[in-house]
Amino acid sequence: MLQRTQLTANWPVETVIAMGRAPWGNEVDSALIQRVMAETGCSHLAGRLYPALSGGEQQRVQLARSLAQLWHADGPQGWLFLDEPTSALDLFYQQHLLRLLKKLSRRGELHVCIVLHDLNLAALWADTILLLHQGTLVAEGSPQEVIQQSVIQRWYGADISMGLHPEIAVPQVYLTP
Numbered sequence: 005m006l007q008r009t010q011l012t013a014n015w016p017v018e019t020v021i022a023m024g025r026a027p028w029g030n031e032v033d034s035a036l037i038q039r040v041m042a043e044t045g046c047s048h049l050a051g052r053l054y055p056a057l058s059g060g061e062q063q064r065v066q067l068a069r070s071l072a073q074l075w076h077a078d079g080p081q082g083w084l085f086l087d088e089p090t091s092a093l094d095l096f097y098q099q100h101l102l103r104l105l106k107k108l109s110r111r112g113e114l115h116v117c118i119v120l121h122d123l124n125l126a127a128l129w130a131d132t133i134l135l136l137h138q139g140t141l142v143a144e145g146s147p148q149e150v151i152q153q154s155v156i157q158r159w160y161g162a163d164i165s166m167g168l169h170p171e172i173a174v175p176q177v178y179l180t181p
């Protein structure tokens with residue numbers, strides 16, 4: 005799923021999501037589309053026209069379309085690559101999306117690779133973090149291994165302080181004023 009889509013067609017949301025089934029020929033499963041819309045919080049958007057949606061709503065529809073492509077009778081299968089899927093989402097939908105992807109990943113139904121610039125979100129949700137600098141891998145490991153003050157200051161050049169999330173022991177990054 006791309007960070008931004010160029011889709012400008014005046015199609016209803018349900019049609020856009022059903023386009024995810026295109027690789028499977030004419031096999032558009034209405035129940036599957038409804039399930040994907042429910043999982044991604046898009047059901048109430050079904051009849052609205054895609055261009056009239058907010059950026060966050062469009063982002064959720066694109067996630068639903070991507071999942072529809074991967075979804076089979078027993079759930080999604082395969083790899084899902086996402087570029088900044090939370091960038092236009094409010095806090096509720098950031099959490100909703102990341103919980104959904106974590107659930108699908110934990111059940112072994114889906115492998116997920118996400119590009120995130122928000123290190124705190126990455127630390128909270130990722131099992132493994134790959135830190136890239138100008139296209140080169142410079143660090144790889146668990147959030148605890150990669151999200152370290154010396155690593156972040158070296159590669160981001162930002163003045164930061166660090167702490168631990170109050171509920172789970174993962175590092176969190178704070179910009180210093």
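Add 4 to a position in the sequence shown, counting from 1, and you land on the number used in my numbering.
Virtual Cβ for every residue (Gly too), placed ideally from N, Cα, C.
Values in this document were obtained by computation on a predicted structure and should not be read as measured data.
Residue(s) in a DSSP beta bridge with residue i
{"i": "Phe96", "result": "Beta-bridge pairing links Phe96 to no other residue."}
{"i": "Ile133", "result": "Gly145"}
{"i": "Val116", "result": "Leu84"}
{"i": "Thr140", "result": "His137"}
Under the three-state DSSP convention, the category residue i falls into
{"i": "Leu57", "result": "coil"}
{"i": "Trp28", "result": "helix"}
{"i": "Pro147", "result": "helix"}
{"i": "Trp159", "result": "helix"}
{"i": "Ile174", "result": "The sequence given here places Val at residue 174; Ile does not occur at that position. Coil at Val174, not helix or strand."}
{"i": "His48", "result": "helix"}
{"i": "Ser109", "result": "helix"}
{"i": "Thr19", "result": "helix"}
{"i": "Leu11", "result": "coil"}
{"i": "Ser165", "result": "strand"}
{"i": "Thr180", "result": "coil"}
{"i": "Gln38", "result": "helix"}
{"i": "Ser91", "result": "coil"}
Beta-carbon spacing of residue i, residue j below 7 Å
{"i": "Val119", "j": "Pro147", "result": "no"}
{"i": "Asn124", "j": "Gln157", "result": "no"}
{"i": "Val17", "j": "Leu67", "result": "no"}
{"i": "Gly82", "j": "Leu71", "result": "no"}
{"i": "Gly24", "j": "Arg64", "result": "no"}
{"i": "Arg150", "j": "Leu128", "result": "Inspection of the sequence shows that residue 150 is occupied by Val rather than by Arg. No, they are not a contact pair."}
{"i": "Pro80", "j": "Leu114", "result": "yes"}
{"i": "Asp163", "j": "Thr140", "result": "no"}
Residue-chain proximity (residue i, chain D), Cβ-Cβ < 7 Å
{"i": "Ala130", "result": "You won't find chain D in this structure, because it holds only one protein chain."}
Spell out a yes or no on whether the segment 36-50 and the segment 82-89 are touching, meaning 3 or more CB-CB pairs, one atom from each, closer than 8 Å. Verdict: no, contact absent.
Sufficient close CB pairs (3 or more, under 8 Å) joining the segment 100-112 to the segment 46-60: Under the Cβ criterion (8 Å, minimum of three pairs), the segment 100-112 does not count as touching the segment 46-60.
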